[in-house]
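Residue 22 in the UniProt record's numbering sits at position 22 of the sequence shown, and the numbers go up by one each step.
Shown next, in structure tokens, is the structure this report addresses.
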Amino acid sequence: KKKQSYIFEIRICFDKSLKLVDCDGIAGFPTNCSPKRDIIYPAAVPTGFHVVQI
Numbered sequence: 001k002k003k004q005s006y007i008f009e010i011r012i013c014f015d016k017s018l019k020l021v022d023c024d025g026i027a028g029f030p031t032n033c034s035p036k037r038d039i040i041y042p043a044a045v046p047t048g049f050h051v052v053q054i
């Protein structure tokens, strides 16, 4: 194991009128990634994952 972190999910928060808002304080999220390490953005999507581009 190299103990590298890869991005898997992006969370975007909106208010009730669908305006973009800061997600801080909305809810915690489970993670086993160290906040002290850089995140690696892979060049290709692994097979078996569904990707939605907006």
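Built from N, CA and C at the ideal position, the CB exists for glycine as well.
Here the structure is a predicted model, which is why all the values come from computation and not from measurement.
Bridge-paired residues (DSSP) for residue i
{"i": "LEU18", "result": "BP columns for LEU18 are empty, so no partner."}
{"i": "LYS13", "result": "The question names Lys, but residue 13 in the sequence shown is Cys. Looking at the DSSP assignment, CYS13 forms a beta bridge with VAL21."}
Nearest-angstrom beta carbon gap, residue j and residue i [assumed within contact, 8 Å]
{"i": "ILE10", "j": "TYR41", "result": "Their Cβ separation, rounded to whole angstroms, is 11 Å, which puts ILE10 and TYR41 out of contact at 8 Å."}
Option in the options with minimal Cα separation from residue i
{"i": "ASP24", "options": "ILE12, ARG37, ALA44 and SER17", "result": "ILE12"}
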